Amino acid sequence: MGKGEGYCKVVAIVRGESLENVEQRLQQLGVPGITVTCVKGYGEYADFYSRDCMTEHVRVEIFTSAARAENVAQGIIDAAHSGVAGDGIVAVLPVSKIYRIRQRAEIRPEQFE
Amino acid sequence: MGKGEGYCKVVAIVRGESLENVEQRLQQLGVPGITVTCVKGYGEYADFYSRDCMTEHVRVEIFTSAARAENVAQGIIDAAHSGVAGDGIVAVLPVSKIYRIRQRAEIRPEQFE
Amino acid sequence: MGKGEGYCKVVAIVRGESLENVEQRLQQLGVPGITVTCVKGYGEYADFYSRDCMTEHVRVEIFTSAARAENVAQGIIDAAHSGVAGDGIVAVLPVSKIYRIRQRAEIRPEQFE
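Residue numbers (the working numbering), protein chains in the order written: chain A, 1 to 113; chain B, 1001 to 1113; chain C, 2001 to 2113.
As structure tokens, this is what we get:
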């Protein structure tokens, strides 16, 4: 599958405080839906070696077209960036198919544009 | 990798009220295990622009063979469909490998059949 | 993309009691960050047909280089193995890109080594 074809999943682990900013940016970009989960994280954003330092982060998951994935990822980076440790990460994963349950039908990639 | 070879992950975001229906359908299909997470969602199923309208949805994750993924996705669509906004989505993602920890061994795709 | 190139996501569903063991093993392996979510699971680790038997499991998600993914998966298997039903599963998924938000930059696969 070539660049820009098909679907992707963008998943971001960001600070809980950044969530509102990230949501607003995604609205501006016309993203039609996001899924938010509360998570505990270690790593960039926390002291991996101390259980007490687990920080409250959120996991934001967006299904989109491959053509838009880079744009969505950059929007999240802009909205969640503070420059200090703990800003989190954004990853882009390949997706084979997406269905909208209400319409019992596959969503075509161009419907995300 | 050709159609029907290897593994897939099926991930569905559905209403909390649909979960029991979805579970029953997956049992009938012989799905050996599912993972359920409570999530907050915006999009098809909620007013993206109003924080108050965040709805309670669940994220259902199933690892299966590529050969069965379409069947599992259709079963979820049937079980979670109500026809009104908020029914959610189902996505199918490629998976490279799956191990069963108890047996310290890779699960072969045909073991999902 | 050849074996060992690019990125992977390792996702494990393990018993809550195994989490500390898994974290220690991942530290020893030099994994720079993990994301932990509380989940409900059915399957290997529970009686799928009884709602009451839902067990408390955690979902551990690690983004890493494709070169390290197998090593990370084996580390989790070693740390979470007890030999009885409910030990859970580990899956490896392909990932297209990973960005570190603090640095507004893509993480190169070799930065995970």
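Ideal Cβ positions, reconstructed from N, Cα and C, are used throughout, including at glycine. Small disclaimer: the values here were computed from a predicted structure and weren't measured.
Residue i: first and last residue of the uninterrupted beta strand (DSSP E) it sits in
i	result
I98/A	K97 to R100
R2108/C	Taken as a continuous stretch (DSSP letters only), R2108/C belongs to no beta strand (DSSP E), as it is neither H nor E.
A2012/C	Y2007 to R2015
Same chain only: Cβ atoms within 6 Å of residue i, ignoring 5 sequence neighbours per side
i	result
V36/A	V58 and V60
A2069/C	C2008, V2010 and V2092
A2079/C	N2021, V2022 and R2025
A12/A	V60, I76 and V90
V1039/B	H1057 and R1059
I1107/B	I1098 and R1100
Residues near residue i by beta carbon distance below 7 Å, same chain, minus five either side
i	result
P94/A	C8
Neighbourhood of residue i by C-beta, 8 Å cutoff - its chain only, sequence neighbours within 5 removed
i	result
E44/A	Caution applies to E44/A, whose pLDDT of 47 falls short of 50 and renders its modelled position unreliable; the model cannot decide the point.
G6/A	S65, A66, P94, V95, S96 and P109
I2077/C	V2090
P2032/C	F2112
I34/A	E23, L26, V60, E61 and I62
H81/A	D87
Any chain B beta carbon closer than 7 Å to residue i
i	result
K40/A	no
K2035/C	At residue 2035/C the sequence reads Thr, which differs from the Lys that was named. Not an interface residue.
I76/A	no
V95/A	yes
R108/A	no
Minimum Cβ-Cβ distance from residue i to chain A less than 7 Å
i	result
I1013/B	yes
I2098/C	yes
L1026/B	no
A1079/B	no
Q1072/B	As written in the sequence, residue 1072/B is Val, which differs from the Gln given in the question. Judged by the 7 Å Cβ criterion, V1072/B is not in contact with chain A.
E1044/B	Residue placement at E1044/B cannot be trusted, given a pLDDT of 47 that sits under 50; the coordinates are not used to answer.
Y1007/B	no
F2112/C	no
Terminal residues of the alpha helix (DSSP H) in which residue i lies
i	result
V22/A	L19 to Q28
A2069/C	A2066 to A2080
Min CB distance residue i to chain C below 7 Å
i	result
F1048/B	Residue placement at F1048/B is flagged as unreliable, the pLDDT there being 42, under the threshold of 50; the coordinate-derived value follows with that caveat. No, its Cβ sits nowhere closer than 7 Å to a Cβ of chain C.
I133/A	Since the first and last residues shown for chain A are 1 and 113, residue 133/A lies out of range.
L19/A	no
G88/A	yes
C53/A	Any reading at C53/A must be qualified, since the residue scores a pLDDT of 42, below 50, and its modelled position is unreliable; no value is offered.
A67/A	no
L29/A	no
A105/A	no
V92/A	yes
Beta bridge counterpart(s) of residue i as assigned by DSSP
i	result
V2058/C	V2014/C and C2038/C
A1091/B	I98/A and V1011/B
Cβ-heavy atom distance, residue i to the ligand ADP, below 6 Å
i	result
G41/A	Judged by which ligands are present, the structure shown has none, so any question about the ligand ADP falls away.
Residues that residue i contacts on chain F, provided the C-beta gap is smaller than 7 Å
i	result
G1016/B	Annotation note: the requested chain F is absent from the structure, which comprises protein chains A, B and C.
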